[in-house]
Amino acid sequence: MSRHLEVILRGRGIPSILKTSFPRTPSSNTLNKLLGTDGGRKTRSAWRLRYTGPTIFRGQSIFLLTSRETRQPWQEDHLSPNNPSSPAEPVEVDPRNMFVSTTLVSTPSADMCGSSVLLHFENRRYLIGNVSEGTQRLMVQRGHSLAKMDEIMITGTIGTKSCGGLLGMILTIAGIVDTTMKNRNYTTARPTARIGTMTSLKLRGSDNLVYYLALGRKFILRQSLPVVPREILTDPRLDDPTNPECDWEDDNIKVWHVPLVNVTSDRRKRRKPSAEASPADANANELEPEEGMTDSARDALAAIVKDMFESQGMDALVETMLHDVRLPATVFVRGGDGRLERYNGPFPGPGREEVPNIPVLARRRWPTGLVQNLPRTRQNYTSMCYIVKPQSRRGKFDRATADKLGVPQTSFKLLCLGQNATAKDGTTVTPDMVLGAPIEGTAFGVFEVPNKTYIPALVARPEWNIEEIAKSLGLIYWNLGEGVAEDPVFLSFLKDKLPGVKHIVSSPEVSSDIVNFRNSASMAVTHNKLDPTAFPPIHLAQPSTETAPELPYVAGKPGVTIRLTSELQVDDNGVGPMDTEEAWSRLQQDGTSKEVLVKVAERRVLVDSPEFEARALEADSDLTTDLLRNVEVVSLGTGSSYPSLYRNVSGTLLRVPGRGSYIFDCGENTMGQIRRQYGPEGAAEVLRDLRAVFVSHVHADHHMGLIAIIQAWNRATQTPEHLRARAEGADFRLQTPRLAIVATTNMLEFVRQHGAVEWVSSRVNTIDIRMPATNLAVSRACPPRVFSGHEAEALGGLTSVECVAVDHCAHALATTFTWEGLGLRVSYSGDCRPSPEFARIGRGSNLLIHEATFEDDMAGDALAKKHSTMGEALEVAREMGARRVLLTHFSQRYPKVANLQMYKQRLEEKARGSEAEAEAEAPSAEEVITASSEGGGSNEQLVAAEDPSAAVDGPEEKPRRDGGATIDDMPVLLAFDHMSVKLSRFRHAERFLPQFRELYQDPSLISGPPSSVSNAFEMGLLLDEDDGVTPVDKYHADKARAAAAAARKAAARENRQNQKRAAAKMKKSAEHGAAAAAPAAFVAAAGEGGEDDGFFTRPSGGSSPRKRKIENQEAASF
1 MSRHLEVILR GRGIPSILKT SFPRTPSSNT LNKLLGTDGG RKTRSAWRLR
51 YTGPTIFRGQ SIFLLTSRET RQPWQEDHLS PNNPSSPAEP VEVDPRNMFV
101 STTLVSTPSA DMCGSSVLLH FENRRYLIGN VSEGTQRLMV QRGHSLAKMD
151 EIMITGTIGT KSCGGLLGMI LTIAGIVDTT MKNRNYTTAR PTARIGTMTS
201 LKLRGSDNLV YYLALGRKFI LRQSLPVVPR EILTDPRLDD PTNPECDWED
251 DNIKVWHVPL VNVTSDRRKR RKPSAEASPA DANANELEPE EGMTDSARDA
301 LAAIVKDMFE SQGMDALVET MLHDVRLPAT VFVRGGDGRL ERYNGPFPGP
351 GREEVPNIPV LARRRWPTGL VQNLPRTRQN YTSMCYIVKP QSRRGKFDRA
401 TADKLGVPQT SFKLLCLGQN ATAKDGTTVT PDMVLGAPIE GTAFGVFEVP
451 NKTYIPALVA RPEWNIEEIA KSLGLIYWNL GEGVAEDPVF LSFLKDKLPG
501 VKHIVSSPEV SSDIVNFRNS ASMAVTHNKL DPTAFPPIHL AQPSTETAPE
551 LPYVAGKPGV TIRLTSELQV DDNGVGPMDT EEAWSRLQQD GTSKEVLVKV
601 AERRVLVDSP EFEARALEAD SDLTTDLLRN VEVVSLGTGS SYPSLYRNVS
651 GTLLRVPGRG SYIFDCGENT MGQIRRQYGP EGAAEVLRDL RAVFVSHVHA
701 DHHMGLIAII QAWNRATQTP EHLRARAEGA DFRLQTPRLA IVATTNMLEF
751 VRQHGAVEWV SSRVNTIDIR MPATNLAVSR ACPPRVFSGH EAEALGGLTS
801 VECVAVDHCA HALATTFTWE GLGLRVSYSG DCRPSPEFAR IGRGSNLLIH
851 EATFEDDMAG DALAKKHSTM GEALEVAREM GARRVLLTHF SQRYPKVANL
901 QMYKQRLEEK ARGSEAEAEA EAPSAEEVIT ASSEGGGSNE QLVAAEDPSA
951 AVDGPEEKPR RDGGATIDDM PVLLAFDHMS VKLSRFRHAE RFLPQFRELY
1001 QDPSLISGPP SSVSNAFEMG LLLDEDDGVT PVDKYHADKA RAAAAAARKA
1051 AARENRQNQK RAAAKMKKSA EHGAAAAAPA AFVAAAGEGG EDDGFFTRPS
1101 GGSSPRKRKI ENQEAASF
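Per full-length UniProt numbering, residue 1 is the first one in the sequence shown, and the count goes up by one each step.
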């Protein structure tokens, strides 16, 4: 065993990275001699050495990091003559000589529709197969690194199944590269380990790949990473079927392209549009072949894609220098704690004093997003497949021959690298004298057969008859469509033509319904145990995969790794069925959690009591019918920006009994979330009831799942009559039912242009929301859309859709849906800053769904990134008079649950006009949780101070206020994935939030232990799965903890100032003979008691004794 070490030079400019291996941990003297350093010392986590090497690096520090012990390849070839069991001096070998393996990343399941394979080399990763929706999230879940994955080979035809997650994957990888490059310049004792060297992302696929990428030109905004797409437009063996040459290669692999052409589909003809029909046409039904894209059109698309990924983005914050900002512009800087603050000057300009050129963040626009139309293309029916063969490895080093020839040990390395060496007697020794014959790699294939019509093309491929290709083929991964795995022609082909090849099949019929997103599913299962009403059971069917012995293939099992040696070595420790009770067992065994579970049981008895039901019924006076009480809101995705282990990106489902279902935003893999929530049959029922989809704005985390939703709805609702009408070219406007897409023109154009790549649906009804005709500074209200008659009936009784333009990005909307006949109003914010216009159009809403990306301690970041804080969202709810609120779209930095009661209390005090409390900054969730874990007192005292339902038998009930909801009788819930709450159950679900907060102090108890790279993913730092959490992750975590500590100290200082201010008011009131009871109560911070209105205890003001004790301790330490 040896320890692999890395030396990283830190300082000004980009550091150099040196790598070597040692048979054992070296001493300081050995390292100093090797690296040209002196005065080296070993710290707790790294070697820190003073560099005395070349002048360019003088004055910089060297950090040498150790990773886990691994056996090096040279250890198997070379043994020390003095100790045969110990390795000799290290020999660096070419990365191609390392062992090569493939891992099956995914198979079709309820929450994933595609299959892909990860090819693993020491220096690079290759993803081959489908990049379907959810792929990037799944790779993080499984611990696969994205930092070295700079080549993606897409199988099948270009469309949602093969590329639905591609644009999201590109954004994530771009973020990783961008963050990695920034961290190279950090002068810190915690440098980035094993930094990737990715300079571009190469994509390979069939026709329309570039067109599909260009569809994202309106929302690829954030990072700059050159993307190099290569479309495979011709069959490389069409002219010469015996040609054995590979179609491309690099240092690691050779690749043969194997296109499967569906002749029946590819020769389909389309009806000439009526607008283009000529009166001279003798036959009105005359068909004409579709034309392919011209070379000039392809060049234009390539230019668009190049500009998309090599620009800094449109309307996105980018780092620049102050003197380079084009004014006027909104400029931000980072404060001492790392948070964004608005920069108010001074700005450079003529006639002004010289201004320091400081680093700032400003918004920059780019032209590609302004391109409205793309060149015409046609659907492509060629399914692309690949045969991949690793490059040959060097032969085994013959130590005995080398010693006989007199080669010194120090020259072994040169011979292994293919260079000549000089023997002790001066003769020249060539590599072929001491190395065995090159070891040929074992080839494997990744084939996608979408349906049975592709089988003839598969059987007829010439590659099966080319000996140079077929003889090394030992493994094929098959991604099969419906019915292919059972087709007798296909089975006969595998048995007769490829008898010696190992076949692994992924298909809906063969593959198990594996739960892919285990952390999220564990949370859903545990939440169901805590509150089964708000968290109904999700679909967890996981039938075992047992292939009949007579079949020539085995069912694919995700996570199975195969080493591509001469004889395939299979590591069968793949991903098996999920233990659904594991997380619940952890909770029951944890001492602290046991106490919380007791409180949960008590709370369940409380909310099920007749007294509580009676009070809830009286408070929910707006729910006048059983239909309104049973309206259900389902959180499908509650995260922001990127999907994480715990939360998918935005998606909310509203189910109105007897009327239909409605979706508000649908980020990537929203359809997978629906299938996991309801199962196949339940998902089909939801789709059949679906009436409309609202898309708030064109950002990937809000709309990339739309096409999959439309296609799934089309399959669930189509009938034989629809298929016949499509074949006959009937007028699609007469076909029913229809799905309404409510969005701006940009979003509707995205759907229309996507239809050029693959079939979407002919039964989509677009409801185009026009932006305000006036200046946004005057009015942000869009012209309302009002429905009546058959149109309203088709929309499930929806009578109007009102929208306002909000401050987030171009054409961002917030909306209010109204069903007048039901007395139902639902408002949805999308992503936005607080909007008074939105509060106006949603006045008196039965439900407000509002984003709360940040907590109030990050108000500067919320302003800069155009999002809302939790306090701002509640303020909008108060102005709107919403009867109940669901907060969602949380930043991935918040794995814990915020203390809503503190925010509600602060907002109520602000409404009462308490000036001192209005100026105080609301504490963050981390601060509150830290205080509750560090301070004294029991859990019961903490809940009594924070829990809105801790006291249920208070004094006389406070009468309800008239004129709409106020913050004190407005239930507020925090959304979790797979949460499903009826409007009449909001108050019941709110009672469990304090217990959720206590449990989420250790999120791993609920969701299971996180992946080794989970923290890295949350920050966009996926480096190498071998390293686990990198030193940079730890550095950022320490930095975050330091910032939190500074925030706590600032809060303690603020508290002292508030106390002094309040004491001064009390003294002034006493001097004037005024009654000092209220100020005295404020200063005393009467957390010991409070008013009870039958639903939650509201402290009269100030802090609880426990919190005052914590604040005093913090103030003393500060």
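Built from N, CA and C at the ideal position, the CB exists for glycine as well.
Take residue 430 as the anchor and find which of 972, 444, 411 has the nearest alpha-carbon.
-> For the purposes of this step, residue 430 is taken as the residue at position 430 of the sequence shown. Looking from the CA of residue 430, the closest CA among 972, 444, 411 belongs to 411.
Which residues mark the beginning and the end of the beta strand (DSSP E) in which residue 562 is found?
-> Taking the first residue of the sequence shown as position 1, residue 562 is located at position 562. That run of the beta strand (DSSP E) goes 561-563.
Please determine if the segment 679-691 and the segment 111-126 are in contact, where contact requires at least 3 C-beta pairs separated by less than 8 Å.
-> These segments do not touch.
Short CB-CB distance (under 8 Å) between residue 122 and chain C = The question asks about chain C, but that chain is absent: this structure has only one protein chain.
Between residue 218 and residue 391, is the Cβ-Cβ spacing less than 8 Å?
-> Here residue 218 refers to the residue found at position 218 when the sequence shown is read from its first residue. Here residue 391 refers to the residue found at position 391 when the sequence shown is read from its first residue. Result no, Cβ atoms of residue 218 and residue 391 do not sit closer than 8 Å.
Name the DSSP beta bridge partners of residue 360, please?
-> By 1-based counting over the sequence shown, the position of residue 360 is 360. The partner list for residue 360 (beta bridge, DSSP) reads 320.
When the Cα atoms are used, what is the spatial distance from residue 608 to residue 827?
-> Translated into positions along the sequence shown, residue 608 becomes position 608. Translated into positions along the sequence shown, residue 827 becomes position 827. Answer to the nearest angstrom: the Cα atoms are 29 Å apart.
Buried or exposed for residue 474, please, with buried defined as at least 16 other CB atoms from any protein chain shown within 10 angstroms of its CB.
-> Position 474 of the sequence shown, counted from the first residue, corresponds to residue 474. Its Cβ being crowded by 16 or more others within 10 Å, residue 474 is buried.
For residue 792, which beta-bridge partners are listed by DSSP?
-> Position 792 of the sequence shown, counted from the first residue, corresponds to residue 792. DSSP output for residue 792 lists no bridge partner at all.
Quick one: using the 10 Å Cβ neighbour count with 16 as the cut-off for buried, is residue 713 buried or exposed?
-> Start at 1 with the first residue of the sequence shown, and residue 713 comes out as number 713. Buried is the call here.
Meets three-Cβ-pair contact criterion under 8 Å: the segment 659-669 and the segment 988-995 = With a cut-off of 8 Å on Cβ pairs, the segment 659-669 is not in contact with the segment 988-995, counting fewer than three such pairs.
Residue 606: first and last residue of the uninterrupted alpha helix (DSSP H) it sits in | For the purposes of this step, residue 606 is taken as the residue at position 606 of the sequence shown. Here the alpha helix (DSSP H) through residue 606 covers 591-607.
Quick one: what's residue 569 bridged to in DSSP?
-> Start at 1 with the first residue of the sequence shown, and residue 569 comes out as number 569. Answer is 563, bridged to residue 569.
Express the C-alpha separation of residue 515 and residue 629 in angstroms, rounding to a whole number.
-> Numbered from its first residue, the sequence shown carries residue 629 at position 629. Numbered from its first residue, the sequence shown carries residue 515 at position 515. Computed Cα separation, rounded: 33 Å.
Do the CB positions of residue 206 and residue 244 come within less than 8 Å of each other?
-> Within the sequence shown, numbered from 1, the residue matching residue 206 stands at position 206. Within the sequence shown, numbered from 1, the residue matching residue 244 stands at position 244. No; because the gap between Cβ atoms is not below 8 Å, this pair is not in contact.
Within 8 Å, strictly: CB atoms of residue 478 and residue 470 = Within the sequence shown, the letter at position 478 stands for residue 478. Within the sequence shown, the letter at position 470 stands for residue 470. Between residue 478 and residue 470, the C-beta gap is not smaller than 8 Å, which leaves the two residues out of contact.
Local conformation of residue 459 per DSSP, three classes | Walking along the sequence shown from the start, residue 459 turns up at place 459. Residue 459 sits in a helix when the DSSP states are folded into three classes.
Where does residue 700 land, buried or exposed, given buried means 16+ other C-beta within 10 angstroms?
-> By one-based count along the sequence shown, residue 700 stands at place 700. Counting C-beta atoms within 10 angstroms of its own C-beta, residue 700 has 16 or more neighbours from the protein chains shown and is therefore classed as buried.
What's the C-alpha gap between residue 135 and residue 643?
-> One-based indexing of the sequence shown puts residue 135 at position 135. One-based indexing of the sequence shown puts residue 643 at position 643. Rounded to whole angstroms, residue 135 to residue 643 spans 10 Å at the Cα level.
Around the Cβ of residue 675, are there at least 16 other Cβ atoms within 10 angstroms (buried) or fewer (exposed)?
-> Within the sequence shown, residue 675 is the residue found at index 675, counting from 1. Flag for residue 675 reads buried.
Under a three-way DSSP split, which group does residue 168 fall into?
-> Residue mapping note: residue 168 aligns to position 168 of the sequence shown, counting from 1. For residue 168, the secondary structure class from DSSP, reduced to helix, strand or coil, is helix.
In DSSP terms, what residue 653 is bridged to = Your numbering for residue 653 matches position 653 in the sequence shown. When DSSP reads this structure, residue 653 sits in a beta bridge with 634, 663.
With DSSP collapsed to three states, give me the class of residue 149.
-> Taking the sequence shown and counting its residues from 1, one reaches residue 149 at position 149. Three-state DSSP puts residue 149 in a strand.
Under the three-state reduction of DSSP, which class applies to residue 517: helix, strand or coil?
-> Here the question's residue 517 lines up with position 517 in the sequence shown. In the structure shown, residue 517 sits in coil (DSSP, three-state: anything other than H, G, I, E or B).
Sorted by chain position, which residues of the same chain lie with C-beta nearer than 6 Å to residue 451's C-beta, five sequence neighbours on each side aside?
-> For this step, residue 451 is matched to residue 451 along the sequence shown. For residue 451, where only same-chain residues beyond five positions count, the Cβ hits under 6 Å are 481.
Mark residue 459 as exposed unless 16 or more other C-beta atoms lie within 10 angstroms of its C-beta, in which case mark it buried.
-> Here residue 459 is taken as the residue at index 459 of the sequence shown, counted from 1. By the beta-carbon neighbour count (other beta carbons within 10 angstroms, threshold 16), residue 459 is exposed.
Run the CB neighbour count on residue 373, radius 10 Å, all protein chains shown included, and call it buried at 16 or more, exposed below.
-> If you number the sequence shown from 1, residue 373 lands on position 373. Under this definition residue 373 is an exposed residue.
Output the distance between the C-alpha atoms of residue 634 and residue 462, rounded to the nearest integer angstrom.
-> For this step, residue 634 is matched to residue 634 along the sequence shown. For this step, residue 462 is matched to residue 462 along the sequence shown. Whole-angstrom Cα-Cα distance: 52 Å.
Just list the beta strand (DSSP E) runs in the UniProt domain "tRNase Z endonuclease" (104-165), keeping only unbroken ones of 3 residues or longer that don't cross its boundaries, in chain order.
-> For the UniProt domain "tRNase Z endonuclease" (104-165), whole beta strand (DSSP E) runs of length 3 or above, ordered along the chain, are 116-120, 125-129, 149-154.
Pair every Cβ in the segment 686-697 with every Cβ in the segment 739-757, then say whether three or more of these pairs are closer than 8 Å.
-> Verdict: yes, contact present.
Can you name the start and end residues of the beta strand (DSSP E) that residue 403 belongs to?
-> Residue numbering aside, residue 403 sits at position 403 when the sequence shown is read from its first letter. For residue 403, no beta strand (DSSP E) segment is defined; the enclosing uninterrupted segment is the alpha helix (DSSP H) at 399-404.
Which of helix, strand or coil does DSSP assign to residue 446?
-> The residue you call residue 446 lines up with position 446 of the sequence shown. Residue 446 falls in the strand class under three-state DSSP.
Under the three-state DSSP convention, the category residue 173 falls into = By one-based count along the sequence shown, residue 173 stands at place 173. Helix.
Which of helix, strand or coil does DSSP assign to residue 887?
-> Position 887 of the sequence shown, counted from the start, is the residue given in the question as residue 887. Here DSSP, grouped into helix, strand and coil, assigns residue 887 to strand.
Counting pairs of Cβ atoms below 8 Å between the segment 813-826 and the segment 852-859, do you hit three or more?
-> No, the segment 813-826 is not in contact with the segment 852-859.
Which residues does DSSP pair with residue 477 in a beta bridge?
-> For the purposes of this step, residue 477 is taken as the residue at position 477 of the sequence shown. The partner list for residue 477 (beta bridge, DSSP) reads 446, 504.
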